[in-house]
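In this text, residue positions in the sequence shown follow the UniProt record's numbering: the first is 1, and each later residue adds one.
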Amino acid sequence: MARGGTRTGGRSGGARTGGALPGRAPRRRDRRGRGMRTPLYPASAPASRTRAERFDAVVLEALEPIEDRWGAELEDLDVAVDDVPDVSTPVPDDDGVVGDGDIPLARLVPAGVDRRGAPTRARIVLYRRPLEARALDGEDLADLLHDVLVEQIAEYLGVEPDTIDDGSDEGS
Numbered sequence: 001m002a003r004g005g006t007r008t009g010g011r012s013g014g015a016r017t018g019g020a021l022p023g024r025a026p027r028r029r030d031r032r033g034r035g036m037r038t039p040l041y042p043a044s045a046p047a048s049r050t051r052a053e054r055f056d057a058v059v060l061e062a063l064e065p066i067e068d069r070w071g072a073e074l075e076d077l078d079v080a081v082d083d084v085p086d087v088s089t090p091v092p093d094d095d096g097v098v099g100d101g102d103i104p105l106a107r108l109v110p111a112g113v114d115r116r117g118a119p120t121r122a123r124i125v126l127y128r129r130p131l132e133a134r135a136l137d138g139e140d141l142a143d144l145l146h147d148v149l150v151e152q153i154a155e156y157l158g159v160e161p162d163t164i165d166d167g168s169d170e171g172s
C-alpha cells in the first residue's frame with residue numbers, strides 16, 4: 001500500500017465502529033489466526049449470568065416464603081427491580097420508602113391511574129445497586145431483601161411487619 005492511501009483492515013481510518021456491519025451480529029476477534037473466540041462459560045452455566053439476573057433470582061427466592069403464606073392477598077401487587085432510584089424527584093419520608101439515610105432501598109407505589117387514564121397496579125420497586133452495596137455477601141443480600149420485602153408488604157397490607165414474617169423461618 002502506498003503512503004497516504006486508505007487502509008481497510010486496521011485500527012485507523014475505517015468508518016465502522018465495533019467491528020460489526022449494520023444488520024449483522026458482531027463477530028468475535030480472530031486474533032493471530034487462532035480462530036474465533038468463544039465464551040468463557042456456556043450460557044447455561046451460573047457463572048455466565050449477569051449481576052442483574054443473579055439479583056432477580058435472589059429477589060424471587062426471598063419473596064417465595066412470603067407468597068406461599070400471603071399469596072391471595074398479594075395477587076394485585078407487582079414486584080419490580082430498578083437499578084437505582086430516581087433522585088431527581090424528591091420523595092416524602094412517609095411515602096412508602098424504605099431507605100438507608102437519604103438513599104432509598106425500595107418504594108411502595110400504590111395503585112392508581114396513569115397519564116392515559118388506565119388503572120395501574122400497586123407495586124414494590126426494589127433498587128438493586130443500593131441493596132447490593134449494603135450487603136456483605138449473597139446470604140446477607142438475601143436477608144436484606146427479605147427484610148425489605150416484609151416491611152413493604154406489611155405497609156401494603158396495612159399490618160405490622162411481624163405479622164408478615166411470623167413463622168416464615170420455622171423450618172430453618
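Yeah, the Cβ is synthetic: ideal placement off N, Cα and C, and Gly gets one too.
Given Asp70, which residues of its chain have a CB within under 8 Å of its CB, disregarding the five upstream and five downstream residues?
Note on residue identity: the sequence assigns Trp, not Asp, to residue 70. The answer, listed in chain order, is Ile153, Leu157 and Ile164.
Can you grab the Cα-Cα spacing for the pair Glu151 / Asp114, in whole Å?
25 Å
Is it true that the segment 120–140 meets the segment 80–88, where meeting means three or more beta-carbon pairs spaced less than 8 Å apart?
yes
Take Ile103 and list the residues in its own chain whose beta-carbon comes closer than 6 Å to its own, dropping the five residues that flank it on each side.
Pro130
Could you tell me the distance, in whole angstroms, from the CA atom of Leu149 to the CA atom of Val59?
9 Å
Is it buried or exposed, Pro119, if we count other Cβ atoms within 10 angstroms and call 16 or more buried?
exposed
Use the C-beta contact count for Gly96: other C-beta atoms within 10 angstroms, 16 or more gives buried, fewer gives exposed.
buried
Can you tell me where the alpha helix (DSSP H) holding Leu74 begins and where it ends?
That residue, Leu74, is in no alpha helix (DSSP H); it is neither H nor E in DSSP.
Considering only the beta carbon of each residue, do Leu74 and Glu67 sit closer than 8 Å?
yes
I need the DSSP call for Arg123, collapsed to helix, strand or coil.
strand
Can you tell which of Tyr41, Asp100, Arg107 and Ala122 has its C-alpha closest to the C-alpha of Ala133?
Asp100
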